[in-house]
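Take a look at the structure set out below.
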Amino acid sequence: MKKFIQHFVVAENQTAYALGSGELKVLATPALAAMIENTCMNSVKNELSDSETTVGTLLSLTHQRPSKVGQEITVETEISKKTGKLIDFSFQVFMKDVLVSEGTHQRAVVQIEQFLKRI
């Protein structure tokens, strides 16, 4: 399968300190999760109709290394399986050539209007 790659730079508002998930000014795991979800979402965006989007349904990750503000983070995703409306991804996150995170993510294709009616 083809890899999809996006680059991010860690911002001050993405630190554990800023998000309240920790006391240090390093990339917060919730911010890392958002980078991963964003990359997976964008990797399939062009395959959807204008009335569709994807929503995250499952995320399993390890956060193995700290990243400081200003550090470039590279997220590499790959589709591992498609089952109906579900898309399973595997991913790896790097800081230069150092592995920062890896895991799996699942997204579901939804009709935007129908999905929003459920709220």
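When the letters of the sequence shown are read in order and numbered with full-length UniProt numbering, they come out as residues 1 to 119. Using N, Cα and C, we set each Cβ at its ideal position, and we do this for glycine too. Since this is a predicted model, take the numbers as computed values, not measurements.
- Span of the alpha helix (DSSP H) around T15: The count along the sequence shown starts at 1 and reaches residue 15 at position 15. Here T15 belongs to no alpha helix (DSSP H), and DSSP marks it neither H nor E.
- Compute the beta-carbon to beta-carbon distance between residue 126 and T54, rounded to the nearest angstrom, for a pair I have assumed lies under 8 angstroms. Summary: the structure shown does not reach residue 126, with the chain confined to residues 1 through 119, and so no result is reported for it.
- Entirely enclosed beta strand (DSSP E) segments - the segment 27-102, minimum 3 residues: Within the segment 27-102, the complete beta strand (DSSP E) runs of at least 3 residues are 52-63, 72-83, 86-95.
- Query: What are the partner residues of I5, as DSSP defines its beta bridges?
  - Reply: Taking the sequence shown and counting its residues from 1, one reaches residue 5 at position 5. I5 pairs with E76.
- Spell out a yes or no on whether the segment 35-49 and the segment 102-114 are touching, meaning 3 or more CB-CB pairs, one atom from each, closer than 8 angstroms. Segments in contact, yes.
- Query: Cα-Cα, which of Y17, S101, M41, L116 is closest to T74?
  - Reply: Here residue 74 refers to the residue found at position 74 of the sequence shown. Out of Y17, S101, M41, L116, S101 has the C-alpha closest to the C-alpha of T74.
- Query: What are the boundary residues of the alpha helix (DSSP H) that E113 is part of?
  - Reply: Translated into the one-based positions of the sequence shown, residue 113 becomes position 113. Segment 112-117, the alpha helix (DSSP H) holding E113.
- Message: For H105, tell me which candidate among L59, L99, R118 has the shortest Cα-Cα distance.
- Response: The residue labelled residue 105 in the question sits at position 105 within the sequence shown. Comparing Cα positions, the closest option is L59.
- Message: Going by beta-carbon coordinates alone, are C40 and F89 separated by less than 7 angstroms?
- Response: As a working mapping, residue 40 is identified with position 40 in the sequence shown. As a working mapping, residue 89 is identified with position 89 in the sequence shown. Result yes, Cβ atoms of C40 and F89 sit closer than 7 angstroms.
- Inspect the beta-carbon positions of T15 and A28 and report whether they are closer than 7 angstroms. For this step, residue 15 is matched to residue 15 along the sequence shown. For this step, residue 28 is matched to residue 28 along the sequence shown. Judged by their CB atoms, T15 and A28 are nearer to each other than the 7 angstroms cut-off.
- Message: Let me confirm a value: S21 is counted as buried when at least 16 other C-beta atoms fall within 10 Å, else exposed. Which label applies?
- Response: Position 21 of the sequence shown, counted from the start, is the residue given in the question as residue 21. S21 should be labelled exposed.
- Quick one: Cα of V9 to Cα of Q71, how far? Here residue 9 is taken as the residue at index 9 of the sequence shown, counted from 1. Here residue 71 is taken as the residue at index 71 of the sequence shown, counted from 1. If I take the Cα positions, the gap works out to 6 angstroms.
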